[in-house]
Ligand code: DI6
Ligand code: FE
């Protein structure tokens with residue numbers, strides 16, 4: 007064991023490792039040994055190898071331990087809120103109609119541009135903490151409400167600052183191709199040119215881990231999406247896509263042809279799209295919060311994704327227009343009730359597969375060599391994570407080997 011790196015033995019827990027052959031990778035009476043930010047050993051209390059020594063021991067009191075949760079799709083940084091738009095939708099206006107009339111994403115863009123950096127930061131920090139209190143240890147945060155070089159950079163800097171100041175791993179995604187800003191009205195191709203021109207600056211400032219786009223009739227066409235992706239790949243950045251949310255644009259197959267990390271939403275995904283994602287190893291990120299809040303009825307093709315072996319992740323999609331929720335556990339429940347996923351699939355969706363949707367192979371399971379991100383829950387069995395809603399059973403959160411309850 008490296009001298010100087012602190013080793014901690016976390017004893018007396020039921021472990022849902024999501025690794026190994028057992029359902030849930032369950033280990034009764036389990037223990038974990040961490041060294042610094044890494045898991046060194048996982049097994050039964052009684053099987054601890056004699057040579058392993060710990061500097062400290064923590065008794066987990068029989069709590070259930072899972073990998074830290076990964077929320078792989080959020081739009082956490084924005085100004086204002088859209089409760090009035092929700093009222094209008096309840097009176098019959100559709101999400102598309104509101105967007106076409108200049109409301110929707112555009113109204114959040116105006117509020118975001120008007121908000122100062124500090125306000126954007128403190129509001130996003132509050133949201134992040136709410137998700138973290140339910141066990142999130144890694145979170146993706148997209149831009150997409152700035153829609154200019156200056157304001158996209160501001161939002162991405164806020165996201166990076168959250169990762170520095172909170173006990174949370176943050177991955178940033180540039181979603182400048184989210185909507186057409188008003189100053190580019192009727193000139194979508196010119197806006198795409200502008201996005202392609204500012205992407206290298208954002209990347210050079212270290213603000214971008216991946217590039218996303220909204221490929222939809224009310225947003226960007228497949229041809230425009232392709233241009234954004236080509237620019238991203240030329241910079242060596244991985245891509246992901248808001249695909250087939252409201253209609254089938256063939257976006258998933260396009261994204262897969264660029265080796266996309268994930269395609270997200272997917273209610274209108276075709277069989278061709280499923281096949282293309284399977285061949286490319288692209289993760290399907292399902293977003294039951296948006297499905298629920300937009301009162302959609304068309305279900306994503308869960309069985310076809312399973313049959314094709316496409317990994318399925320789940321995320322909050324937190325945003326002010328289509329998914330204002332801040333509970334990843336509620337998404338597990340909804341994935342089971344609305345999408346008929348199993349509770350075990352749901353947990354894998356916010357751990358293993360959520361990590362994979364971000365291109366992260368070092369987390370999502372409790373296994374030797376993985377990052378020491380885990381959560382201790384006041385639950386007997388991991389199937390309860392999908393069962394309760396409106397109850398927070400999270401008791402302890404460990405991020406990179408350090409207990410962090412902020
Ligand atoms: N699809 C969504 O559901 C969010 N963005 C996207 O491309 C909604 C964003 C919003 O309405 O503000
Ligand atoms: Fe989204």
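In our numbering, the protein residues as written are 7 to 412.
Think of the CB as a built atom: it goes at the ideal place given N, C-alpha and C, for glycine as much as any other residue.
Just so it is clear, the structure is predicted and the values come from calculations on it, not from any experiment.
Would the beta-carbon of residue 323 be found less than 7 Å away from any heavy atom of ligand 1?
yes
Could you tell me which of 147, 173 and 102 sits nearest to residue 185, measuring between CA atoms?
102
Assuming the contact rule is C-beta atoms closer than 8 Å, residue 319 and residue 355 should be a hit. Round their C-beta distance to whole Å, please.
About 5 Å separates the two Cβ atoms, so the contact holds.
Give the DSSP bridge partners of residue 65, in chain order.
17
Taking just the CA atoms, how far does residue 70 sit from residue 398?
Approximately 13 Å between the Cα atoms of the pair.
In the DSSP assignment, the alpha helix (DSSP H) including residue 204 goes from what residue to what residue?
For residue 204, the uninterrupted alpha helix (DSSP H) run begins and ends at 194 to 210, by DSSP.
How is the beta strand (DSSP E) around residue 107 delimited, first residue to last?
First-last for residue 107: undefined, no H or E at that position.
Distance, residue 98 Cα to residue 44 Cα
If you take the alpha carbons of residue 44 and residue 98, they lie about 51 Å apart.
Within 10 angstroms of the Cβ of residue 29, are there 16 or more other Cβ atoms? Answer buried if so, exposed if not.
exposed
Taking the C-alpha atoms as reference points, what is the distance between residue 80 and residue 86?
16 Å
Within 8 Å, strictly: CB atoms of residue 234 and residue 217:
yes
Might you give, ordered along the chain, the residues of its own chain that have their beta carbon closer than 7 Å to the beta carbon of residue 241, omitting 5 neighbours on each side?
Cβ neighbours of residue 241 beyond the five flanking positions: 205, 206 and 209.
I'd like the ranges of any beta strand (DSSP E) spanning at least 3 consecutive residues and lying wholly in the segment 233 to 286.
246 to 249 and 268 to 271
Residues near residue 40 in its chain [Cβ-Cβ closer than 6 Å; skip 5 each side]:
Take residue 40, set aside five residues on each side of it, and the residues of its chain with a beta-carbon closer than 6 Å to its own are 14, 378 and 407, in chain order.
In three-state DSSP terms, what is residue 161?
For residue 161, the secondary structure class from DSSP, reduced to helix, strand or coil, is helix.
Does the Cβ of residue 270 lie closer than 7 Å to at least one heavy atom of ligand 2?
Yes, the Cβ of residue 270 comes within 7 Å of a heavy atom of ligand 2.
Other residues of its chain near residue 38: CB distance less than 8 Å, five sequence neighbours each side excluded:
15, 16, 19, 21, 45, 47, 48, 71, 372, 378 and 380
Between the alpha carbons of residue 403 and residue 411, how many angstroms are there, rounded?
Going by the C-alpha atoms only, they are around 6 Å apart.
Closest by CA to residue 95, which one among 301, 313 and 330?
The alpha carbon of residue 95 has as its nearest neighbour, out of 301, 313 and 330, the alpha carbon of 301.
Identify, in the order they occur along the chain, each residue of the same chain with its Cβ nearer than 7 Å to the Cβ of residue 196, setting aside the five sequence neighbours on each side.
190
Kindly give me the distance between the Cβ atoms of residue 130 and residue 82, rounded to whole angstroms, as I take these residues to be in contact under 8 Å.
Cβ-Cβ separation between residue 130 and residue 82: approximately 5 Å, consistent with a contact (criterion under 8 Å).
For the 8 Å Cβ check, are there 3 or more pairs between the segment 51 to 68 and the segment 306 to 315?
no
Tell me residue 145's beta-bridge partners as DSSP assigns them.
DSSP, once it has assigned bridges, lists 77 and 176 as partnering residue 145.
Whole angstroms are fine: how far does the CA of residue 50 sit from the CA of residue 270?
37 Å
Between residue 303 and chain C, is there a C-beta pair that is closer than 8 Å?
In the structure shown, chain C does not exist; there is a single protein chain.
Specify, as a first and last residue, the run of the beta strand (DSSP E) that residue 380 falls within.
380 to 383
Less than 7 Å between the CB of residue 81 and some heavy atom of ligand 2, yes or no?
yes
Determine the DSSP secondary structure at residue 390, reduced to helix, strand or coil.
helix
Tell me the rounded alpha-carbon separation between residue 289 and residue 363.
Answer to the nearest angstrom: the Cα atoms are 6 Å apart.
Could you pull out every residue in the same chain whose Cβ sits closer than 6 Å to the Cβ of residue 8, ignoring the five residues on either side in sequence?
For residue 8, the predicted structure reports a pLDDT of 46, less than 50, and the residue's modelled location is therefore unreliable. The matter cannot be settled from this model.
Measuring straight from C-alpha to C-alpha, what distance separates residue 111 and residue 276?
26 Å
Quick one: what does DSSP say residue 7 is sitting in, helix, strand or coil?
Note that residue 7 scores a pLDDT of 42, beneath 50, so its modelled location is shaky and nothing firm can be said.
Can you tell which of 298, 384 and 12 has its C-alpha closest to the C-alpha of residue 62?
12
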